[in-house]
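Step one of this worksheet: look at the structure below.
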């Protein structure tokens, strides 16, 4: 079959189709030839039985959560088989069957969900949101926090440390910054840290929200800069850095610190690292100076 289509802005006539040479200059007819036939090529990648996967599911999903847990631990052939435990007892619900086989244990469903998210290498930010979501659905917040607080707060710990060797100050700072972030997430559910039994977040006056919003996208970069600077400190700078931060973060009375030294000894470099650390953890700072250099 030959299909002829006019490329001018009007339908072609039978006479024009019969004698295309009679068309005026600049006009033409397009002849569209029938397309070639392509045979589909089917490639079989697997010739073994496969099982579909159910994505991560919260305990509040009900039967879907317990079905997934059962399928992760043993094969089944029917719905009845899924409600039958290893001893041959048929249970009325999937949850009872999972409990009888030891797949879940009472109130451990929420812990299993978080542990699975950790095993799948979810980011700390995703884990914090999952934690807040589970807490909103009735999970024991204090228990989950004690079990997974290192996973929730890993991105707040300097990248050049881990929890086994990090200074106590860095660990406490990471936990508190994590709690502050969790409190913000819980606020979207109408909750707070204290309402669900978690340690309180730092109070922030409403007047400071604009500055918080300004530095919020930069916090990760600021913490990284502070950690990189710490690696370049000499012993004296490290001691001053730790003492100043400890004084700020501890509940002890306020203190004044005099950092004095000759030009070129790293005072500004040290102060910038302290500032980056504090801003990276959500603290508000007022920087003032009598000279243009110090103000910058």
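Numbering (this note's numbering), first residue to last: 2 to 297. Even for Gly, the Cβ is constructed at its ideal location relative to N, Cα and C.
Boundaries (first-last residue) of the alpha helix (DSSP H) holding residue i
i	result
residue 221	220 to 233
residue 280	268 to 281
residue 123	Careful: residue 123 lies outside any alpha helix (DSSP H) and carries neither H nor E.
residue 173	169 to 188
residue 62	Looking at the DSSP string, residue 62 is not in any alpha helix (DSSP H), and its letter there is neither H nor E.
residue 245	236 to 250
residue 109	Careful: residue 109 lies outside any alpha helix (DSSP H) and carries neither H nor E.
residue 82	80 to 83
residue 101	95 to 101
residue 152	142 to 153
Coil, strand or helix - residue i by DSSP
i	result
residue 115	helix
residue 90	coil
residue 14	coil
residue 289	coil
residue 284	coil
residue 260	coil
residue 158	coil
residue 22	helix
residue 75	coil
residue 202	coil
residue 105	coil
residue 67	helix
residue 48	coil
residue 214	helix
residue 135	helix
heavy atom of the ligand COA below 6 Å from residue i C-beta
i	result
residue 21	Annotation note on the ligand COA: not contained in the displayed structure, which lists no ligands.
Neighbourhood of residue i by C-beta, 6 Å cutoff - its chain only, sequence neighbours within 5 removed
i	result
residue 247	170
residue 155	125
residue 1	What the structure shows of the chain is the stretch from 2 to 297, and residue 1 is not part of that stretch, so it cannot be assessed.
residue 289	none
residue 149	115
residue 197	136 and 142
Residue i burial status per 10 Å Cβ neighbour count (16 or more: buried)
i	result
residue 146	buried
residue 270	exposed
residue 277	buried
residue 60	buried
residue 48	exposed
residue 257	exposed
residue 158	buried
residue 91	exposed
residue 279	buried
residue 45	exposed
residue 110	buried
residue 178	buried
residue 285	exposed
residue 184	buried
residue 259	exposed
residue 78	exposed
residue 73	exposed
residue 182	buried
residue 84	buried
residue 104	buried
Pair within 7 Å by beta-carbon distance, residue i and residue j
i	j	result
residue 187	residue 140	no
residue 180	residue 202	yes
residue 86	residue 102	yes
residue 118	residue 67	no
residue 152	residue 128	yes
residue 95	residue 64	yes
residue 24	residue 15	no
residue 160	residue 228	yes
residue 142	residue 192	no
residue 58	residue 75	no
residue 174	residue 255	no
residue 221	residue 267	no
Short CB-CB distance (under 7 Å) between residue i and chain B
i	result
residue 276	You won't find chain B in this structure, because it holds only one protein chain.
Nonlocal neighbours in the same chain, by C-beta distance under 7 Å from residue i, ignoring five residues either side
i	result
residue 167	158
Sequence-distant residues of its chain with Cβ nearer than 8 Å to residue i (five each side left out)
i	result
residue 212	285
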